[in-house]
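Input: a single structure, listed below in structure tokens.
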Amino acid sequence: SQELEQSPQSLIVQEGKNLTINCTSSKTLYGLYWYKQKYGEGLIFLMMLQKGGEEKSHEKITAKLDEKKQQSSLHITASQPSHAGIYLCGVRHSWGKLQFGAGTQVVVTP
Amino acid sequence: DVKVTQSSRYLVKRTGEKVFLECVQDMDHENMFWYRQDPGLGLRLIYFSYDVKMKEKGDIPEGYSVSREKKERFSLILESASTNQTSMYLCASSPPVWTIRTRSDEQFFGPGTRLTVL
Chain A
133 SQELEQSPQS LIVQEGKNLT INCTSSKTLY GLYWYKQKYG EGLIFLMMLQ
183 KGGEEKSHEK ITAKLDEKKQ QSSLHITASQ PSHAGIYLCG VRHSWGKLQF
233 GAGTQVVVTP
Chain X
-11 DVKVTQSSRY LVKRTGEKVF LECVQDMDHE NMFWYRQDPG LGLRLIYFSY
39 DVKMKEKGDI PEGYSVSREK KERFSLILES ASTNQTSMYL CASSPPVWTI
89 RTRSDEQFFG PGTRLTVL
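Residue numbers (this note's numbering), protein chains in the order written: chain A, 133 to 242; chain X, -11 to 106.
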């Protein structure tokens, strides 16, 4: 099976600072998903990347998929309290089922 | 907007009880999924269904069963709840991956049910 490793496991960032989360796969990624979860709630879809070298941005969040399609990064610029939560990367398998990494907990301090 | 609802946000049950977790989606999605989420382990797939009355085991099906009698509803059943099934349960739905009508096959998640088994 495909292993997804996220790093760091958790991070604390001061409001206004940038942060980066990484997601590394043991196999080639055919469809990499980023989700955000606020504590105790469901997951909210952020972005999906499919092509090597692809980069997508939404507001202050940018996600990239490397050329070899085995690593993705999620970068948040000028973090705000609304960015706090758990970020999960997931890879799509057949029938659309997703396999997730363990998640990265982000805390934004004043 | 796609809406996925789950019957309870919080549930407390006793060991040995039979537990039903209900999930309903209103977007006519073919695929439905049940995950559990535990600290440090992320989300793990329990069961999924790609059509009415169809079901497939996920990564951790032991101790669970599912039912999909109608397209919009996917139920997760704990036949005899145990303390190690205390967890956050998340339901999701998605259109089939081959559809050309959607931009992506993203999964839409419900708010989750936090189940505690005493």
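We put the CB at the ideal spot given by N, CA and C, even for glycine. Note that the structure is a prediction, hence the values are computed from the model and not measured.
Item, Value
"Residues of its chain near L175 (chain A), where Cβ-Cβ distance is below 8 angstroms and the 5 sequence neighbours each way are ignored", "Y167, K168, Q169, L220"
"Cut-off 6 angstroms between Cβ atoms - residues of its own chain near M179 (chain A), not counting five sequence neighbours on either side", "W166, K188, A195"
"Interface flag, F62 (chain X) vs chain A, CB-CB below 8 angstroms", "no"
"Cα-Cα separation between S37 (chain X) and K229 (chain A), rounded to whole angstroms", "10 angstroms"
"Neighbouring residues, chain X, relative to E173 (chain A) (Cβ below 8 angstroms)", "P99, G100"
"Extent of the continuous beta strand (DSSP E) to which A216 (chain A) belongs", "From DSSP, A216 (chain A) is part of no beta strand (DSSP E); its letter is neither H nor E."
"Beta-carbon contacts of V54 (chain X) that lie in its chain and below 7 angstroms, excluding the five residues immediately before and after", "W22, Y35, S37, K43, F62, S63, L64, I65"
"Three-way DSSP call (helix, strand, coil) for Q141 (chain A) in this model", "coil"
"Under 9 angstroms by beta carbon: chain X residues contacting L181 (chain A)", "Near L181 (chain A) there are no residues of chain X at all, since even the closest Cβ is about 10 angstroms away, more than 9 angstroms."
"Beta carbon proximity, F21 (chain X) to chain A, threshold 8 angstroms", "yes"
"For N154 (chain A), three-class secondary structure by DSSP", "strand"
"First through last residue of the beta strand (DSSP E) which encompasses G30 (chain X)", "30 to 37"
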